[in-house]
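The numbering of the sequence shown is the working numbering, which starts it at 13 and goes up by one. Read the structure below first, then the notes.
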Amino acid sequence: MRVSQFPLTTLKEIPAEAEIVSHQLMLRAGLIRRLASGLYTWLPLGLRVLRKVEHVVREEMDAAGALEIMMPCVQPAELWQESARWEKYGPELLRFKDRHQREFCFGPTHEEVITDIARRELRSYKQLPLNFYQIQTKFRDEIRPRFGVMRSREFIMKDAYSFHVDEASLDETYRRMHETYTRIFTRLGLDFRAVAADTGSIGGDASHEFHVLADAGEDAIAFADAGDYAANVELAEATPGITERPQPSEALRLVDTPNAKTIQALVEQFELPIERTIKTLIVRASVEAGSGLIALILRGDHQLNAIKAEKLPEVASPLQFADEAEIRAAIGAGPGSLGPIGLPIPFIVDRSAAVISDFGAGANIDGQHHFGVNWNRDVSLGPVADLRNVVEGDYSPDGKGRLRIVRGIEVGHIFKLGRTYSERLNATVLDEQGQPAVLSMGCYGIGVSRIVGAAIEQNHDARGIVWPIPIAPFQVAIAPINLHKSQRLRDAVDTLYQTLREAGFEVLLDDRDVRPGVMFADLELIGIPHRIVLSERGLDAGEAEYKGRQDAESRQVPLGALVEFLR
Ligand code: ATP
Ligand code: MG
Ligand code: MG
Ligand code: MG
13 MRVSQFPLTT LKEIPAEAEI VSHQLMLRAG LIRRLASGLY TWLPLGLRVL
63 RKVEHVVREE MDAAGALEIM MPCVQPAELW QESARWEKYG PELLRFKDRH
113 QREFCFGPTH EEVITDIARR ELRSYKQLPL NFYQIQTKFR DEIRPRFGVM
163 RSREFIMKDA YSFHVDEASL DETYRRMHET YTRIFTRLGL DFRAVAADTG
213 SIGGDASHEF HVLADAGEDA IAFADAGDYA ANVELAEATP GITERPQPSE
263 ALRLVDTPNA KTIQALVEQF ELPIERTIKT LIVRASVEAG SGLIALILRG
313 DHQLNAIKAE KLPEVASPLQ FADEAEIRAA IGAGPGSLGP IGLPIPFIVD
363 RSAAVISDFG AGANIDGQHH FGVNWNRDVS LGPVADLRNV VEGDYSPDGK
413 GRLRIVRGIE VGHIFKLGRT YSERLNATVL DEQGQPAVLS MGCYGIGVSR
463 IVGAAIEQNH DARGIVWPIP IAPFQVAIAP INLHKSQRLR DAVDTLYQTL
513 REAGFEVLLD DRDVRPGVMF ADLELIGIPH RIVLSERGLD AGEAEYKGRQ
563 DAESRQVPLG ALVEFLR
C-alpha cells in the first residue's frame with residue numbers, strides 16, 4: 013500500500029478524551045474515530061488490525077471444529093421473556109420498538125437466539141456435539157463507556173455456543189475451547205493468563221476468563237507464582253481507601269473446633285508464617301520456637317481494606333496474644349454473635365501452633381487443604397474463587413506458591429452454562445433411548461475489538477504502538493529519502509516494494525513528499541515492525557538501512573539479502 017493512496021491521519025497532540033495510552037494511541041495513529049459515546053468508526057489502518065485479530069480467531073475456531081454462523085443483531089423481546097432476562101438484564105440492554113410497536117433489543121449476547129435455533133433445528137443426540145460461532149457486532153449500553161474500543165457500547169465479539177446431551181461432552185468441548193483460546197492469544201502475541209472466574213448472574217457450573225496483563229485493566233486477577241492457580245479478583249470498583257484500622261466488630265463468635273491437630277499438621281507442612289485470606293477474615297499466624305502464638309486477626313471488609321491499603325505483607329507488628337482470653341478481649345466478640353456475612357465465625361486457638369479460622373460456607377479446614385479459604389460456595393467445584401479479599405502474598409489455595417495480584421483486561425470468557433437456557437426455552441433432543449433430553453450448553457466469548465486496545469496497552473513505547481507481528485497492519489514500511497528528487501530511487505523503491513509483496517509481506521510504502529523525521533515519527537507511531545530506508549547513497553552502496561521498531565540502532569543490509577533478512 014502506498015501512503016499516497018492510504019492516507020495516514022496521525023495526530024501529534026494527545027486527545028483530551030482519552031485517559032489511557034491505548035486509547036490515545038489508537039486516536040493518534042488514526043485507527044479509530046469517535047462518533048458518539050462508546051461508538052467508534054474503524055479507519056482503514058485500524059480495520060486492518062481488527063481483521064487480523066478476527067482472522068486468527070476464525071482460523072482457530074474452525075480448527076477446533078466450530079461452525080460459523082451469523083445471527084441477527086436485533087432480537088425479539090419474546091425470546092428474552094422466555095429466558096426471563098428481559099426483566100433481569102437491566103439498562104445495559106438497548107430496547108426499542110418497531111413500527112408495529114413490537115419490542116426488540118439490540119443483542120448484547122446471543123444465548124436466547126442460538127437456543128431458539130437449537131430447539132428448532134436439532135432433533136437427535138446423534139447430531140451432537142455442535143459448536144456454533146459468529147463474529148459480530150454487539151451492543152451494551154455500558155454505564156461508563158471509556159477507554160475507546162476497550163469498553164465501548166458497540167463492539168465486535170466472537171461468541172460461540174455449544175450443545176451436548178451429556179456433561180462429559182460439554183466438559184470435552186469446554187476443555188477444547190480453553191485450549192483454543194490459549195492458542196489464539198498466544199498467536200496474537202499477547203501476554204495473558206487464564207483465570208478461574210465467578211459464574212455470576214449468567215449462572216452455570218464453571219467459567220474461565222482470559223486476561224491480557226496490563227496496568228490499565230479494570231479487573232484484578234490473582235495467580236500463584238508457582239503451580240497453576242489463577243483466578244479473577246472481582247474488584248468491581250475501587251473501594252474508598254480506609255486507612256484507619258476500625259474497631260473490632262461485635263459480630264464475632266469464638267468457637268473451639270476440633271481442628272487443632274489438622275492445623276498443627278498444616279503449620280508444619282507449610283512452614284510458618286501461614287497467611288490465609290478468607291472472605292471477610294484474614295488470619296496470619298506464626299510460631300516462634302517455644303514462645304506460643306503470634307497472630308494477626310483481621311476481619312470485616314473495612315478492616316480488610318485497611319490492610320490492603322497498607323499492603324499486608326508489610327504490616328509491621330502482628331498483634332500478639334498470649335491466650336484465647338486475650339484474643340477475645342482484643343476482638344471484643346461476644347459468644348453467640350454472627351460474623352459479618354451472617355454466619356458464625358469460629359476460630360480455634362491452639363497455643364502451641366496457630367490461629368486459623370474459617371466460616372461455615374463450605375470451605376472449612378477439615379483435613380483439606382483449601383483450609384481457611386472461601387474459595388467457593390461449593391468447594392467441590394475446585395478453586396473457582398471468590399477472591400474479593402485476597403491480598404498479594406497470600407498462599408494459593410492449592411498451597412503451591414503465593415499469590416500475585418495484577419491488573420488484567422478481560423479479552424475472553426468461557427462458561428459451562430449447563431441447562432439454564434435450554435430448560436427455560438425447552439430445547440431438547442431425543443437421547444439414545446428415544447426420550448427427550450434437555451440440551452447442555454457452553455458459551456465462549458472473545459472481545460475481538462477489545463483485543464486491539466489490549467494489545468496496544470501491552471505493546472507500546474514513548475514513540476507509539478509496537479505491534480506484535482501477527483496483528484501489525486503492515487509488517488514492513490519502506491521509507492525513501494527524497495523520493496521525489498530521484499527517478500533512480502523511485503525505480504529502486506518500486507522494485508523493492510514489488511519484491512517484498514511477492515515474498516508475502518504486507519508493505520506500506522511512504523511515498524509522501526515529507527521530511528524523513530516526519531515520516532519516521534509517523535511510522536513509529538503506527539507501529540510498523542520493520543522499517544527500511546532507501547536513499548541514493550544507499551543505492552550507491554547496494555544497501556538499505558534497516559531498523560526494527562524496537563531496535564536502538566539501525567543497520568545496513570545488502571539490498572539483495574533483504575527478503576531473507578526480514579524472514
Ligand atoms: P466486562 O467484565 O469487561 O464488562 P463482560 O464479562 O461483561 O466484560 P462477557 O459477557 O464475558 O463480557 O463478553 C465476552 C467478551 O466480550 C468479554 O470477555 C470482553 O472481551 C468483550 N466485551 C464485553 N463488554 C465489552 C465492551 N463494552 N466493549 C468491548 N468489549 C467487550
Ligand atoms: Mg460487562
Ligand atoms: Mg467480566
Ligand atoms: Mg465476562
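Yeah, the Cβ is synthetic: ideal placement off N, Cα and C, and Gly gets one too.
**Request:** Examine ligand 3 and report whether any of its heavy atoms sits within less than 7 angstroms of the Cβ of glutamate 422.
**Result:** Yes, ligand 3 has a heavy atom inside 7 angstroms of this Cβ.
**Asked** Between glutamate 104 and aspartate 153, is the Cβ-Cβ spacing less than 8 angstroms?
**Response** At a Cβ-Cβ threshold of 8 angstroms, glutamate 104 and aspartate 153 count as neighbours.
**Asked** Quick one: what does DSSP say arginine 131 is sitting in, helix, strand or coil?
**Response** Helix, per DSSP.
**Request:** Check the C-beta distance from alanine 466 over to methionine 189 and give it rounded, since I have them as a contact under 8 angstroms.
**Result:** Not quite, the Cβ-Cβ distance comes to about 19 angstroms (not below 8 angstroms), so this is no contact.
**Message:** In whole angstroms, give me the CA-to-CA distance for alanine 248 and glutamine 447.
**Reply:** Below a pLDDT of 50, predicted positions are generally treated as unreliable, and alanine 248, at 24, falls in that range; no measurement from the model is reported.
**Request:** State the beta-bridge partners of glycine 454 as determined by DSSP.
**Result:** Ser174 and Lys428.
**Prompt:** For glutamine 87, does the count of other Cβ atoms within 10 angstroms reach 16, so buried, or fall short, so exposed?
**Reply:** With 16 or more other Cβ atoms within 10 Å, it is buried.
**Message:** With three or more beta-carbon pairs closer than 8 angstroms as the criterion, would you say the region 445–460 touches the region 499–517?
**Reply:** Segments in contact, no.
**Message:** Pull the bridge partners of asparagine 244 from the DSSP assignment, please.
**Reply:** For asparagine 244, which the question treats as bridged, DSSP gives the partners Ile233.
**Message:** Given a cut-off of 8 angstroms on the beta-carbon distance, is the pair valine 441 and leucine 134 in contact?
**Reply:** Against a cut-off of 8 angstroms, the Cβ pair of leucine 134 and valine 441 comes out as a contact.
**Asked** In three-state DSSP terms, what is histidine 223?
**Response** For histidine 223, the three-state secondary structure derived from DSSP is strand.
**Request:** Following the continuous beta strand (DSSP E) through alanine 491, name the residue where it begins and the one where it ends.
**Result:** Start and end: 488–492.
**Request:** Whole angstroms is fine: what's the gap from aspartate 171's alpha carbon to tyrosine 145's?
**Result:** Cα to Cα, aspartate 171 sits roughly 6 angstroms from tyrosine 145.
**Prompt:** Run through DSSP, which three-state label would isoleucine 275 get?
**Reply:** In this predicted model, isoleucine 275 has a pLDDT of only 36, less than 50, meaning its place in the structure is not dependable enough to derive any value.
**Beta-carbon gap between leucine 561 and proline 541 smaller than 8 angstroms** = It is worth fixing the name first, because residue 561 is arginine in this sequence and not leucine. With respect to the 8 angstroms criterion, arginine 561 and proline 541 are classified as neighbours on the basis of their beta carbons.
**Prompt:** Of all Cβ atoms in chain C, is any one closer than 8 angstroms to the Cβ of leucine 512?
**Reply:** In summary, chain C is missing from the structure at hand, where a single protein chain is found.
**Message:** So the candidates are Met531, Val545, Arg475 and Pro482; which of them puts its Cα closest to the Cα of alanine 504?
**Reply:** The residue with the shortest Cα to Cα distance from alanine 504 is Val545.
**Message:** Is it buried or exposed, serine 49, if we count other Cβ atoms within 10 angstroms and call 16 or more buried?
**Reply:** Exposed is the call here.
**Request:** Taking glutamine 139 as the reference, give the member of Asp178, Asp74, His496 and Ile481 with the closest Cα.
**Result:** Distance check between glutamine 139 and each of Asp178, Asp74, His496 and Ile481 places Asp178 closest, using alpha-carbon atoms only.
**Asked** Under the three-state reduction of DSSP, which class applies to isoleucine 196: helix, strand or coil?
**Response** Looking at isoleucine 196 - three-state DSSP - the assignment turns out to be helix.
**Asked** So does histidine 381 have its beta carbon nearer than 7 angstroms to some heavy atom of ligand 4?
**Response** Flag unset: Cβ of histidine 381 not near ligand 4.
**Message:** Measuring alpha carbon to alpha carbon, tell me which residue in Arg199, Arg436, Val423 and Glu80 is nearest alanine 96.
**Reply:** When only C-alpha atoms are compared, the closest one is Arg436.
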